[in-house]
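132 is the number that the numbering used here gives to position 31 of the sequence shown; each next residue is one higher, with no gaps. The C-beta atom is built at its ideal place from N, Cα and C for all residues, glycine as well. If you're wondering where the values come from, they're calculated on a predicted model, not measured in any experiment. Reading through the structure tokens given below for one structure.
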Amino acid sequence: MMNQITINEYLGLYLDKNYKQVTNLANFAAIIKEMVPQLNWVGFYLYDGKELYLGPFQGKAAVQTIPMGEGVCGTSAIKQEIIIVDDVHAYPGHIACDDASNAEIVIPIIKDNKLIGVLDIDSPVIKRFDKKTAETLRKSVDFLFDFL
Ligand code: SME
């Protein structure tokens with residue numbers, strides 16, 4: 102099952118400040134998808150100062166841009182807070198990308214008070230993300246800061 106030390110140790114093997122940001126984000130998405138059970142989509146939407154655009158991800162092809170304030174990602178980005186959605190079908194304004202997705206968590210990535218983007222994770226399992234899982238994922242995002 103999920104083990105914080107193992108995930109961050111694994112991340113430590115692949116992330117490196119000498120690599121480009123896109124390279125570190127790509128391996129981060131791959132490692133979360135591999136290590137955390139019951140996920141069907143893991144990836145980044147990055148902020149260009151105006152809107153969110155699709156970054157490195159693991160999963161099905163997804164919407165290319167998300168306006169700030171829209172969907173779960175745009176809402177998390179504008180509020181700058183983690184959003185856990187137990188059932189995406191009950192979330193007004195949810196942007197569907199993969200029919201398999203039933204639950205979602207979005208974690209904003211804010212470095213030095215600057216919004217970099219969000220980490221978006223989908224699961225086919227309703228109520229997949231509890232506070233403990235959110236905390237584990239947030240710690241992995243904290244770990245990522247050093248490599249951005
Ligand atoms: N569900 C997201 C859109 C991105 S896909 O899940 C990959 C949202 O509502 O913002």
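Consider the C-beta atom of residue i and the heavy atoms of the ligand SME; say whether any pair is separated by less than 7 angstroms.
| i | result |
| --- | --- |
| Ile-196 | yes |
| Ser-202 | yes |
| Ala-162 | no |
| Gly-218 | no |
| Ile-167 | yes |
State buried or exposed for residue i, treating a residue as buried only when at least 16 other CB atoms are found within 10 Å of its CB.
| i | result |
| --- | --- |
| Thr-107 | exposed |
| Thr-166 | exposed |
| Asp-221 | buried |
| Asn-214 | exposed |
| Asn-119 | exposed |
Relative to the C-alpha of residue i, which candidate in the options has its C-alpha closest?
| i | options | result |
| --- | --- | --- |
| Gly-218 | Ser-224, Pro-209, Val-226 and Thr-176 | Pro-209 |
| Ile-211 | Arg-239, Val-189 and Pro-138 | Arg-239 |
| Gly-194 | Asp-213, Ile-222 and Pro-168 | Pro-168 |
| Gln-181 | Asp-231, Val-207, Glu-135 and His-190 | Val-207 |
| Ile-183 | Tyr-111, Leu-249 and Lys-232 | Lys-232 |
Spatial neighbours of residue i within its chain, please: CB distance less than 6 angstroms, with the 5 preceding and 5 following residues excluded, ordered by chain position.
| i | result |
| --- | --- |
| Tyr-115 | Asn-128 |
| Phe-158 | Ala-130 and Gly-144 |
Going along the chain, which residues of its own chain have a beta-carbon closer than 7 angstroms to the beta-carbon of residue i, five neighbours each way excluded?
| i | result |
| --- | --- |
| Cys-174 | Tyr-146, Leu-153, Ile-167, Val-207, Val-219 and Asp-221 |
Would you check if the region 197 to 206 and the region 223 to 233 touch, i.e. whether three or more CB-CB distances between them fall below 8 angstroms?
yes
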